[in-house]
Amino acid sequence: MTISPSTTGETTDLQLPHELIERVQQASTALELLQATQALAAAAHPAAAPCLVDVLGFNNPGAAVAAVDGLIALGPQAVEPILDNLDGYNYGARAWAVRALAGIGDVRGLEVLEDALAQDIGPSVRRAAARGLGQLQMQGLEEAPRTALAERCLRALEASCGDGEWVVRYAVVVGLESLAARLHPTSELRPRLRQALEGLRQSPPEAAAVVRLRAEQALHRLEARHG
Numbered sequence: 046m047t048i049s050p051s052t053t054g055e056t057t058d059l060q061l062p063h064e065l066i067e068r069v070q071q072a073s074t075a076l077e078l079l080q081a082t083q084a085l086a087a088a089a090h091p092a093a094a095p096c097l098v099d100v101l102g103f104n105n106p107g108a109a110v111a112a113v114d115g116l117i118a119l120g121p122q123a124v125e126p127i128l129d130n131l132d133g134y135n136y137g138a139r140a141w142a143v144r145a146l147a148g149i150g151d152v153r154g155l156e157v158l159e160d161a162l163a164q165d166i167g168p169s170v171r172r173a174a175a176r177g178l179g180q181l182q183m184q185g186l187e188e189a190p191r192t193a194l195a196e197r198c199l200r201a202l203e204a205s206c207g208d209g210e211w212v213v214r215y216a217v218v219v220g221l222e223s224l225a226a227r228l229h230p231t232s233e234l235r236p237r238l239r240q241a242l243e244g245l246r247q248s249p250p251e252a253a254a255v256v257r258l259r260a261e262q263a264l265h266r267l268e269a270r271h272g
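This is the structure we're talking about:
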């Protein structure tokens, strides 16, 4: 499902999601909730964010996917509603929130992504967090905070190079390569990043070959870009 925010400045019924929010709140079946959430997400209105966050905890995977898509489409506007409503007692809601924050790439989600990669019990959540840490948007930051942010991302990814699930290690490779694209060519973090990729490339034979091959591919690309 592809969602594109409205590019016009006009106020239309689709841009005012009150009725769409009511449809979500009044849905009485799983299908109604899914369809109502898809419609609300497609409206791409900032006022929809809190309701979309609520949907993450409704135990309806289809609706949750639609809500995550909608939150990602809203971008930075959705970050505060997500962070303000993180539910430590509802694992499913928190897991979906991690996916949304990873997809948005806003630096305000850094701590949540760090914690998820280090501690979450779900491999799919750790995988999303690893990818998210590699694609945080650092544009506009001064050099010092940008470097500090990149170092935290790198440290979290380094710590998960030995994750027991190959899908997470694969995502760590993807995260490391994405992070490299955000580093200055002369960044002092580059040797550490290359070392982490090299370690994954030289994983033991019993480890997943796809991770080794993906790490080798990432190293070749970095060499081609930066030498």
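Each number in our numbering corresponds to the 1-based position in the sequence shown with 45 added. All C-beta atoms in this analysis are idealised placements derived from N, C-alpha and C, irrespective of residue type, glycine included.
Query: Length of the line joining the Cα atoms of residue 49 and residue 147; Result: A caution first: residue 49 carries a pLDDT of 41, below 50, which makes its placement in the model unreliable, though a value can still be read off. Going from the Cα of residue 49 to the Cα of residue 147 covers about 18 Å.
Query: Residue environment, residue 215, which counts as buried when at least 16 other CB atoms sit within 10 Å; Result: buried
Query: DSSP three-state assignment for residue 265, whether helix, strand or coil; Result: helix
Query: Length-filtered (4 minimum) alpha helix (DSSP H) runs lying within the region 202-238; Result: 211-225
Query: Residue 255, buried or exposed, once every other Cβ within 10 Å from all chains shown has been counted against 16; Result: exposed
Query: For residue 196 and residue 174, the rounded distance between their alpha carbons; Result: 16 Å
Query: Straight-line gap, residue 245 to residue 204 (C-alpha atoms, nearest Å); Result: 12 Å
Query: Residue 151 vs residue 121 beta-carbon contact at 8 Å; Result: yes
Query: Residue burial classification, residue 171 (beta-carbon count within 10 angstroms, cutoff 16); Result: buried
Query: Span of the alpha helix (DSSP H) around residue 152; Result: Per DSSP, residue 152 belongs to no alpha helix (DSSP H) and is neither H nor E.
Query: Neighbour-count burial assignment, residue 149, 16 or more Cβ in a 10 Å radius; Result: buried
Query: Enclosing alpha helix (DSSP H) for residue 85 [first to last residue]; Result: 75-88
Query: Three-way DSSP call (helix, strand, coil) for residue 134 in this model; Result: coil
Query: Beta-carbon contacts of residue 253 that lie in its chain and below 6 Å, excluding the five residues immediately before and after; Result: 211
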